[in-house]
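Below you'll find the structure, written out as structure tokens, and then a few comments.
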Amino acid sequence: TQLLEQSPQFLSIQEGENLTVYCNSSSVFSSLQWYRQEPGEGPVLLVTVVTGGEVKKLKRLTFQFGDARKDSSLHITAAQPGDTGLYLCAGVRGSSNTGKLIFGQGTTLQVKP
Amino acid sequence: DAGITQSPRHKVTETGTPVTLRCHQTENHRYMYWYRQDPGHGLRLIHYSYGVKDTDKGEVSDGYSVSRSKTEDFLLTLESATSSQTSVYFCATKPGQSNEKLFFGSGTQLSVL
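For the record, the sequence lines run as chains A and B.
Here my numbering runs 903 ahead of the position in the first sequence, where the first position is 1.
Here my numbering runs 11 ahead of the position in the second sequence, where the first position is 1.
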């Protein structure tokens, strides 16, 4: 069983559309991270959310951490072809400082021109 | 970019042969990790290291061993490769205990025939 469930797993949209990716769990996380990965490369950190209810914006990307710190969402406004990639959420449980992240399965986003 | 180099980038081997993957970092990061990435599973932690000669198991450690004799190098060994170990392997590093951001290498594509 996957501790962090991402949905949808695949998303194909037209340029200019909005989209939301969800990351859900029954467990509480002390923090949650979102990564973006391009083909042939490793994931790159986009944002870390720490406080329940926290909202962070990164240009057209909006990240939210659920009030109970069990879920998170990534919203992209007016998607562009450059947003194409694999989006991964990853959580840290408890007070661990060892960096042992638990990853979701990933959401593959394709933005067509 | 934490100056992480993984070698080799691609490898094809036969079932039953030993395989060693190398991760080299130039940033003097304390923590190093080996993940495997498979479709539908996201990234899963194999082993990690919190210092020279200090290592511990992750969630999918069976069939794998690691060694860290120097800060900059973290080796992953498959003692006797199996087809189920066909995967993309990523090395990651983290600077210190209070910083949870992971820096990833570009990955090694391993095929076990």
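We put the beta carbon where it would ideally sit given N, CA and C, even for glycine.
Return no unless some Cβ of chain C is closer than 9 angstroms to the Cβ of F932 (chain A).
Considering every chain present, this structure includes no chain C. Its protein chains are A and B.
Roughly how many whole angstroms lie between the Cα atoms of A981 (chain A) and T28 (chain B)?
Annotation: A981 (chain A) to T28 (chain B) spans about 49 angstroms, alpha carbon to alpha carbon.
Quick check: is the beta carbon of K132 (chain B) nearer than 9 angstroms to any beta carbon in chain A?
Outside the shown range of chain B, which is 12 to 124, sits residue 132 (chain B), and nothing can be said about it.
Within 9 angstroms (strictly less), CB to CB, does I15 (chain B) reach chain A?
yes
Compare the beta carbon distance of F966 (chain A) and V952 (chain A) with 9 angstroms and say whether it is the shorter of the two.
In contact: F966 (chain A) and V952 (chain A) (Cβ atoms closer than 9 angstroms).
Three-state secondary structure (DSSP) of D91 (chain B):
It should be noted that the sequence gives Ser, not Asp, for residue 91 (chain B). Coil at S91 (chain B), not helix or strand.
Return no unless some Cβ of chain B is closer than 9 angstroms to the Cβ of T987 (chain A).
no
Tell me the rounded alpha-carbon separation between I979 (chain A) and E25 (chain B).
43 angstroms
Along the beta strand (DSSP E) that carries G908 (chain A), what are the first and last residues, could you check?
According to the sequence displayed, residue 908 (chain A) carries Glu and not Gly. Its beta strand (DSSP E) spans residues E908 to S910.
Can you pull the chain A neighbours of S122 (chain B), defined as C-beta to C-beta under 9 angstroms?
Under the 9 angstroms cutoff, chain A gives no residues; its nearest Cβ is about 15 angstroms from S122 (chain B).
Assuming the contact rule is C-beta atoms closer than 8 angstroms, M43 (chain B) and T104 (chain B) should be a hit. Round their C-beta distance to whole Å, please.
At roughly 5 angstroms, the Cβ-Cβ gap stays under 8 angstroms, so M43 (chain B) and T104 (chain B) are in contact.
Cβ atoms of Q936 (chain A) and V924 (chain A): under 9 angstroms apart, would you say?
no
Helix, strand or coil: how does DSSP classify D986 (chain A) here?
helix
CB G51 (chain B) to CB H58 (chain B), shorter than 9 angstroms?
no
Scan the stretch 57–87 of chain B for residues whose Cβ lies nearer than 9 angstroms to a Cβ of chain A and list them as they occur along the chain.
Y59, Y61, D67, G69 and E70
Closest Cβ-Cβ distance between V924 (chain A) and chain B: below 9 angstroms?
no
Taking 9 angstroms as the CB-CB limit, is L1004 (chain A) close to chain B?
yes
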